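> Letter 313 of the sequence shown, counting from 1, is numbered 313 in the UniProt record's numbering, and no numbers are missing.
Even glycine gets a Cβ: it sits at the ideal position worked out from N, Cα and C.
Quick caveat, the model's predicted, so the values are computed rather than measured.
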Amino acid sequence: MINFHYSRASDVADAVQQIRADPAAKFIAGGTNLLDLMKEDVERPSLLIDITRLPLKTVGETAGGGVRIGALVPNSDFSYHPLIEQRYPVVSSAIRAGASQQLRNMASTGGNLLQRTRCAYFYDTVTPCNKRTPGSGCSAINGINRGHAILGTSEACIATHPSDMCVALLALEATVHVAGPKGERAIAIADFHRLPGDTPQRDTNLDRDEIIIAIELPAQGFAKNYTYLKIRDRLSYAFALVSVAVGLEMDGGTIRQARLALGGVAHKPWRDFAAEAALNGQVASPETFRRAADVLLRDAKGFAHNTFKIELARQAAMRALTQAANGTPQSQSNKKIA
């Protein structure tokens with residue numbers, strides 16, 4: 001049994017003040033990840049600060065032609081909002097590919113950004129894990145690592161980031177807005193999550209006394225030529241072995257601009273500008289897609305049980321690029337790969 005105190009934040013400033021005062025405090029909104037971590041004794045907060053009544057639940061257009069989504073907008077509302085479905089369908093598709101409808105109804109947009117890895121060793125408190133106990137070791141490197149990272153790994157950690165939504169946000173170059181004791185600041189989604197390095201206990205560059213208040217999407221949404229393809233062990237609720245978010249701006253059969261991001265392969269959603277450069281200005285063809293996939297995975301490294309993910313990621317990237325170029329995005333209701 002974990003003993004903890006409970007309080008409710010009255011506004012954003014109060015939420016920041018409360019969490020700043022207690023280094024062991026945690027914010028709670030939907031609780032779809034935090035409560036699991038508490039049940040498994042991975043997280044032991046001294047105080048839960050309820051932020052569900054903060055005014056962070058709206059979706060609206062920005063002056064620059066983009067869309068701003070409040071941090072407390074449920075994933076289901078985010079996915080099915082008309083502005084998102086029409087302008088940013090890759091995000092709608094990615095969210096619907098993740099979790100169950102019940103979880104999407106509870107999970108918040110800000111909470112989705114802060115999901116922690118589902119590595120079994122991270123959840124198993126009797127095994128060494130550098131994310132849970134820095135300096136104790138990484139059990140996955142020489143353990144059962146079928147679902148683990150093949151890109152951006154370190155000797156300290158080979159865990160993967162679990163979010164589907166964040167892969168699409170990375171492809172769209174979203175911005176995360178946060179508030180803290182020094183006021184508000186904006187963090188590019190590419191800089192929000194971290195690779196493990198020698199500090200795998202830090203998942204993001206969010207300071208512990210800051211709170212996410214919104215996500216902002218730019219005007220360019222790649223609404224015509226896009227896809228979100230998720231490869232998993234079963235078609236029901238499961239985390240990705242490999243996922244791919246693609247957005248293309250096409251000029252006839254030529255790719256004018258490409259965005260390509262991978263999930264399930266690294267400690268953070270993975271994007272490679274060199275792979276996108278290999279697509280820009282090229283004819284959309286199997287040869288072009290293979291060259292880009294080869295660039296994307298040039299530094300991939302497998303471990304004992306997950307080497308298959310390198311070729312799986314290559315084939316998934318090629319298939320996703322084909323879907324996007326053809327304007328035939330992957331369906332999330334009929335999950336048979338198009």
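Report buried or exposed for I69, applying the criterion of at least 16 other Cβ atoms within 10 angstroms of its Cβ.
So I69 ends up on the buried side.
> Once the 5 residues before and after L312 are set aside, which same chain residues still bring their CB inside 8 Å of it?
Counting only Cβ-Cβ distances below 8 Å, and skipping sequence neighbours, we find I231, L241 and V242.
> Report, in whole angstroms, the separation of the C-beta atoms of A284 and I255, which I expect to be a contact under 8 Å.
Indeed, because the Cβ distance is near 6 Å, the residues count as touching under 8 Å.
> Give a yes or no on contact between the region 157-176 and the region 258-269, applying the rule of three or more CB pairs nearer than 8 Å.
Counting Cβ pairs under 8 Å, three or more are found: they touch.
> Measuring CA to CA, which of G110, S136 and P74 is closest to Y121?
Closest by alpha carbon: S136.
> Could you check if P286 is buried or exposed, using at least 16 other CB atoms within 10 Å of its CB as the buried criterion?
Exposed, by the Cβ-count rule.
> Quick one: Cα of K224 to Cα of A338, how far?
When rounded, the distance between both Cα atoms is 16 Å.
> Give me the DSSP bridge partner(s) of I212.
According to DSSP, which records beta bridges pairwise, I212 is partnered with V178.
> Return yes when the Cβ of L114 is within less than 9 Å of the Cβ of T204, no when it is not.
Yes; because the gap between Cβ atoms is below 9 Å, this pair is in contact.
> I believe D299 touches L151 by the beta-carbon criterion, under 8 Å. Please report the beta-carbon distance rounded to the nearest angstrom.
About 6 Å separates the two Cβ atoms, so the contact holds.
> Would you please state the rounded distance, in angstroms, between the beta carbons of L206 and Y88? I believe it to be under 8 Å.
The Cβ separation is near 23 Å, so there is no contact.
> Below 6 Å CB to CB, which residues in the same chain sit around G110 once its five sequence neighbours on both sides are set aside?
The answer, listed in chain order, is A71 and I212.
> Would I2 be called buried (16 or more neighbouring beta carbons within 10 Å of its own) or exposed?
Exposed is the call here.
> Looking at C-alpha atoms only, which residue of I215, F273, G197 and K336 is the closest neighbour of residue 342?
In this structure the chain extends from 1 to 338, so residue 342 is not present and cannot be described.
> Going residue by residue through the region 37-106, where are the continuous beta strand (DSSP E) segments of at least 3 residues, counting only ones entirely within it?
Taking only runs of at least 3 residues, the beta strand (DSSP E) segments lying wholly in the region 37-106 are 47-50, 59-61 and 67-70.
> So, for S92: in the same chain, excluding its five sequence neighbours on each side, which residues have a beta-carbon less than 6 Å away from its beta-carbon?
Closer than 6 Å at Cβ, skipping near neighbours: S79, I84 and E85.
> Looking only at DSSP bridge pairs, what is A193 linked to?
One detail in the question is off: residue 193 reads as His in this sequence, not Ala. The partner list for H193 (beta bridge, DSSP) reads T204.
> Counting along the chain, where does the alpha helix (DSSP H) carrying N326 start and finish?
Counting along the chain, the alpha helix (DSSP H) containing N326 begins and ends at F308 to N326.
> At 4 residues or longer, and completely inside the region 235-278: list those alpha helix (DSSP H) runs for me, N to C.
With a minimum length of 4 residues, the continuous alpha helix (DSSP H) runs that stay inside the region 235-278 are 273-277.
> P45 to A15, Cα distance in whole Å?
Roughly 15 Å separates the two Cα atoms.
> Classify G60 as buried or exposed, calling it buried when 16 or more other Cβ atoms lie within 10 Å of its own Cβ.
When all chains shown are included, G60 counts as exposed.
> Answer yes or no: do A94 and A245 have a C-beta to C-beta separation smaller than 9 Å?
Going by C-beta atoms, A94 is nearer than 9 Å to A245.
> Let's test the definition: count the other Cβ atoms within 10 Å of the Cβ of T35 and tell me whether it reaches 16, buried, or not, exposed.
The sequence shown places Leu at residue 35, not Thr. L35 should be labelled exposed.
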